[in-house]
Amino acid sequence: MKIESALIEKARQLLETSRSIVITNHINPDGDAMGSAMGLYGVLKKLNKPVNAVIPNPYPDFLRWMVGAERVVTFEGQEEEATALVNGADLIIHLDYNAFSRSGGMESLLAESAAQKIMIDHHQQPQDFATVTFSDTAMSSTCELLYHILAGLNWEGYIGQHEAECLYTGIMTDTGSFRFNSTTLYTHQVAGALLEKGVEPNAMASRVYDINTPFRLKLLSTALNAMEVMENLPVAIIKLSARDLSENQYKKGDTEGFVNYGLSMLGVKLSVFMVEKDGLVKISFRSKGDFDVNLLARAHFNGGGHKNAAGGASDESLEATVNHFKEIIVDYRDALEKA
Ligand code: 5GP
Ligand code: MN
Numbered sequence: 281m282k283i284e285s286a287l288i289e290k291a292r293q294l295l296e297t298s299r300s301i302v303i304t305n306h307i308n309p310d311g312d313a314m315g316s317a318m319g320l321y322g323v324l325k326k327l328n329k330p331v332n333a334v335i336p337n338p339y340p341d342f343l344r345w346m347v348g349a350e351r352v353v354t355f356e357g358q359e360e361e362a363t364a365l366v367n368g369a370d371l372i373i374h375l376d377y378n379a380f381s382r383s384g385g386m387e388s389l390l391a392e393s394a395a396q397k398i399m400i401d402h403h404q405q406p407q408d409f410a411t412v413t414f415s416d417t418a419m420s421s422t423c424e425l426l427y428h429i430l431a432g433l434n435w436e437g438y439i440g441q442h443e444a445e446c447l448y449t450g451i452m453t454d455t456g457s458f459r460f461n462s463t464t465l466y467t468h469q470v471a472g473a474l475l476e477k478g479v480e481p482n483a484m485a486s487r488v489y490d491i492n493t494p495f496r497l498k499l500l501s502t503a504l505n506a507m508e509v510m511e512n513l514p515v516a517i518i519k520l521s522a523r524d525l526s527e528n529q530y531k532k533g534d535t536e537g538f539v540n541y542g543l544s545m546l547g548v549k550l551s552v553f554m555v556e557k558d559g560l561v562k563i564s565f566r567s568k569g570d571f572d573v574n575l576l577a578r579a580h581f582n583g584g585g586h587k588n589a590a591g592g593a594s595d596e597s598l599e600a601t602v603n604h605f606k607e608i609i610v611d612y613r614d615a616l617e618k619a
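Residue numbers (this note's numbering): 281 to 619.
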């Protein structure tokens, strides 16, 4: 996999000449957002670049092992420091998202920044705001794409075991452990290259997935108990109310992966997970085959993402959001049957 060399050289020039670099990623950062941020942070630190990571809101606890994560400045809670860093930056690197609307409270701060910008992302329909845009929707993850960019810059030697673990985390989580449609020969080649840097797959899987608490498992059982499979449609709906969360001492990240249970049922092609939190209903969509949930999320739930994994939100109640979904999904019967 070779990245266009003109883009690489333009990025090199920005990285070499900038006096203050800020790395940022999307709201509710996941394994790919944090893995790419901390992997790149580690490489740039080794190169003695003046770099800080500033993210919109806290990352989940199971990513706390990432070196540098403790130095990340979080806009929610550290607004003054975050604002000063962004305003002082002459280069901002946007990882794992492609629209300012994914930056939560940092949206206007970033949109109004005069800094040069590099985008590294694998989602559909990128906005055109960056000086240099690396956007490849064929990539399993931002971490896979970042690996190719670092290789293109001839900076592979700066990927040590820890940076490799960060990149591997993003690839592993965004591919559902090398199971999703987005997993390619190249994905495995990059994973192999990271193993050569010392990554141990079994240890990584334990670190990232074996993190259940009794509360999280009870929350999962609550979600699965109430799961619905729609009549005459290959669609599963899983939902959790704010009360379900508080009764099970919800912590950030606890519902990660719940949506996949719907898709694990024989015959189900679309799984939807709706959770009521922070005054909104946050929605995750997962699909199999050709059914495009990016388009569905964009059309009806103010969201987006990838063909087989997307998200959105609704400011209606949980029940109203479920009902709205049930109404609109009927029009997709043909597409679901063909998928
Ligand atoms: P998740 O369901 O894990 O939150 O997100 C699935 C995918 O959709 C991720 O790649 C994520 O970045 C993207 N995504 C999630 N929520 C939104 C949203 O509200 N808007 C957009 N554009 N993408 C989203
Ligand atoms: Mn990603």
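We treat Cβ as the ideally placed atom computed from N, Cα and C, and that holds for glycine. From a predicted model like this one, the values you see are computed outputs, not experimental measurements.
Provide the residue(s) that pair with residue i in DSSP beta bridges, ordered along the chain.
{"i": "ILE400", "result": "LEU375, PHE414"}
{"i": "THR354", "result": "ILE335"}
{"i": "MET554", "result": "LYS519, ILE563"}
{"i": "VAL302", "result": "ASN332, ILE372"}
{"i": "GLY584", "result": "GLY591"}
When the Cα of residue i is compared with those of the options, which residue comes out closest?
{"i": "VAL334", "options": "VAL366, LYS325, LEU343", "result": "VAL366"}
{"i": "ASN434", "options": "VAL602, ILE288, GLY584", "result": "ILE288"}
{"i": "ASN328", "options": "MET545, ARG299, TYR377", "result": "ARG299"}
{"i": "ASN582", "options": "GLY432, GLY592, LEU575, ASN574", "result": "GLY592"}
{"i": "ASN337", "options": "ALA369, MET386, ALA364, MET346", "result": "MET386"}
{"i": "VAL347", "options": "PHE565, GLU392, GLU480, MET318", "result": "MET318"}
{"i": "LEU343", "options": "SER521, GLU445, TYR541, ASN505", "result": "GLU445"}
{"i": "ILE518", "options": "SER501, ASN305, ASP454", "result": "SER501"}
{"i": "ASN512", "options": "THR411, THR493, LEU550", "result": "LEU550"}
{"i": "VAL331", "options": "ASP310, GLY559, VAL353", "result": "VAL353"}
{"i": "GLY585", "options": "GLN441, LYS557, ARG382, LYS290", "result": "ARG382"}
{"i": "ARG523", "options": "ILE372, GLN469, GLU556, ILE283", "result": "GLU556"}
{"i": "THR455", "options": "PHE355, GLN396, LEU497, ALA589", "result": "ALA589"}
{"i": "PRO621", "options": "LEU447, ILE307, ILE372", "result": "Any answer about residue 621 is impossible in this case: the structure gives the chain only from 281 up to 619."}
{"i": "SER597", "options": "LEU371, GLN441, SER521, LEU426", "result": "SER521"}
{"i": "VAL323", "options": "LEU430, LYS282, LEU576, ASN528", "result": "LEU430"}
{"i": "PHE541", "options": "ALA485, GLY559, LYS568, ASN528", "result": "A small correction: the amino acid at residue 541 is Tyr; Phe does not occupy that position in the sequence shown. For TYR541, the nearest C-alpha among the options comes from LYS568."}
{"i": "ASN305", "options": "MET510, GLY384, ALA615", "result": "GLY384"}
{"i": "ILE373", "options": "HIS402, THR422, ILE301, ALA600", "result": "ILE301"}
{"i": "ALA379", "options": "LEU371, ASP408, ARG487, GLU359", "result": "ASP408"}
{"i": "THR467", "options": "ALA503, SER421, VAL479", "result": "SER421"}
{"i": "HIS402", "options": "VAL552, LEU426, SER486", "result": "LEU426"}
{"i": "ASP341", "options": "GLY533, LEU371, LEU616", "result": "GLY533"}
Mind checking residue i: buried by the 16 CB within 10 Å criterion, or exposed?
{"i": "ASP572", "result": "buried"}
{"i": "ASP611", "result": "exposed"}
{"i": "THR463", "result": "buried"}
{"i": "ASP490", "result": "exposed"}
{"i": "SER526", "result": "exposed"}
{"i": "PRO406", "result": "buried"}
{"i": "ILE608", "result": "exposed"}
{"i": "GLU476", "result": "exposed"}
{"i": "ASN603", "result": "exposed"}
{"i": "ASP312", "result": "buried"}
{"i": "GLU536", "result": "buried"}
{"i": "MET452", "result": "buried"}
{"i": "GLY432", "result": "buried"}
{"i": "SER316", "result": "buried"}
{"i": "PRO494", "result": "exposed"}
{"i": "GLN634", "result": "A query on residue 634 cannot be resolved here, the shown segment of the chain reaching from 281 to 619 and no further."}
{"i": "GLY437", "result": "exposed"}
{"i": "GLU443", "result": "buried"}
{"i": "MET419", "result": "buried"}
{"i": "ASN620", "result": "No answer is possible for residue 620: it lies beyond the span of the chain, which begins at 281 and ends at 619."}
{"i": "LYS562", "result": "buried"}
{"i": "GLU424", "result": "buried"}
{"i": "ARG351", "result": "exposed"}
What first and last residue would you give for the alpha helix (DSSP H) that runs through residue i?
{"i": "VAL470", "result": "465 to 476"}
{"i": "ASN367", "result": "359 to 368"}
{"i": "ASP454", "result": "441 to 454"}
{"i": "PHE635", "result": "Because the chain is modelled from 281 through 619, residue 635 falls outside the range shown and cannot be assessed."}
{"i": "VAL323", "result": "311 to 326"}
{"i": "ALA431", "result": "422 to 432"}
{"i": "ALA286", "result": "285 to 297"}
{"i": "GLU617", "result": "613 to 618"}
{"i": "LEU343", "result": "Looking at the DSSP string, LEU343 is not in any alpha helix (DSSP H), and its letter there is neither H nor E."}
{"i": "ALA391", "result": "387 to 391"}
Taking the beta strand (DSSP E) that residue i falls in, what are its first and last residues?
{"i": "ALA589", "result": "589 to 594"}
Any beta-carbon of chain D closer than 8 Å to the one on residue i?
{"i": "MET399", "result": "Here there is only one protein chain, and chain D is not present."}
In chain order, which alpha helix (DSSP H) runs of at least 4 residues are fully inside the region 480 to 550? 481 to 489, 494 to 505, 522 to 527, 538 to 543
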